[in-house]
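Residue numbers (full-length UniProt numbering): 1 to 262. Every residue, glycine too, gets a C-beta built ideally from N, C-alpha and C. Because the structure is a prediction, the values reported are computed rather than measured. As structure tokens, the structure follows; a few thoughts come after it.
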Amino acid sequence: MDLFSQLILVILVTSFLSFQWLFHRVSPWVSPRVSPGFLRLADQQKVEWNSRTVSTLHALVVGFFCLYILLFDDAVNEDPVWGDPTLVKINVGMTTGYLISDLLLIFYYWKAIGDKFFVVHHLAALYAYYYVLGHGMLPYFANFRLLAEFSTPCVNQRWFFEVLGYPKSSKPNIANGMAMALVFFLVRIAVMPLYYSRMWSVYGTEAFFRVPPEGRAAWIISSVSLDVMNVMWMHKIARGCYKVMCSARRHTVETRENGKTD
């Protein structure tokens with residue numbers, strides 16, 4: 001194993017241990033100091049709260065690193081299949097450590113945070129990332145998928161508001177709901193044409209055929225699987241956002257009518 005591969009392994013293990021530490025130690029200590037409502041939650045809700053806190057932190061760190069690579073890593077942008085994967089490997093290494101950590105927590109606390117779709121999502125991502133870390137192939141596409149992490153903080157914040165008892169018609173909830181729907185659409189749905197057009201642009205090229213068949217299968221299958229789930233989640237988010245907006249509108253109308261009656 002070369003020196004850089006050893007470094008990536010260290011990053012992966014450090015990422016795994018760091019996210020476990022954040023879940024078991026940091027979030028339980030910080031959360032009640034930031035939000036006293038944390039102490040009123042049931043044990044299973046506290047487990048999910050800590051899981052989502054860690055998820056938000058991971059999303060922000062990896063998401064901004066991903067954006068930096070997309071904007072400034074010319075080697076990856078010019079050769080999306082075999083470009084220098086150094087920065088991408090570091091980012092994917094951190095994400096891989098997080099995904100393994102989260103899978104372990106999901107299985108251990110299945111009653112609290114178990115979700116078969118998240119298991120499929122994590123396994124599909126890990127399957128694809130194996131080829132990035134092990135063979136250095138497809139760095140652009142692996143990194144591009146991490147744009148999706150930008151929607152995670154809003155999704156988690158929606159859950160935080162819900163368990164803290166914020167009314168769905170409250171301004172913070174409505175603002176977050178609209179931001180969640182917009183960001184989710186932009187980073188997971190609207191980017192699909194760009195992603196698949198770039199995939200199509202390299203299809204049949206010499207660089208494409210240098211990727212072994214199992215690598216191509218991992219790339220295509222994981223991409224389609226993740227995007228099918230993204231479309232399903234987008235549908236649920238759009239419906240939820242629409243219901244909240246309708247509820248807020250009814251609340252506003254009722255308030256005005258009551259004011260006129262009084």
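The alpha-carbon of G165 is positioned some 23 Å away from that of G114.
Counting every other CB atom within 10 Å of its CB across the protein chains shown gives H24 a total below 16, marking it as exposed. Within its own chain, the residues whose Cβ lies closer than 6 Å to the Cβ of G177, once the five positions on either side in sequence are excluded, are C241, V244, listed in chain order. For W82, the secondary structure class from DSSP, reduced to helix, strand or coil, is coil. The segment 141 to 157 makes contact with the segment 176 to 195; the number of CB pairs closer than 8 Å reaches 3 or more. For M137 and L70, the gap between their C-alpha atoms comes out near 16 Å. Residue state for Y242 is assigned as helix, using DSSP reduced to three classes.
Distances from the CA of S18 to each of D102, K46, G37 were compared; the closest alpha carbon is that of D102. Leaving aside the five residues that flank A207 on each side, the residues in its chain whose CB is nearer than 8 Å to its CB run, in chain order, D79, V81, W82. A straight line joining the alpha-carbon of L7 with that of F16 spans about 14 Å.
Shortest Cα-Cα distance from N50 to any of V34, F65, M180, D227 involves V34.
Between S31 and M180, the alpha-carbon positions lie close to 22 Å from each other. Ranked by how close their Cα comes to the Cα of A128, the residues G93, M234, V10 have G93 in first place. The beta carbon of V88 lies closer than 7 Å to those of I69, V76, V132, P139, A142, N143 in the same chain, with the five residues before and after it left out. The C-beta of W219 has 16 or more other C-beta atoms within 10 Å across all chains shown, which makes the residue buried.
By the neighbour-count criterion, in which 16 or more other beta carbons inside 10 Å mark a residue as buried, Q44 falls on the exposed side.
Contact between L226 and A124 is confirmed by a C-beta separation of about 6 Å, below the 8 Å threshold. Taking the Cα positions, P167 is about 13 Å away from R249.
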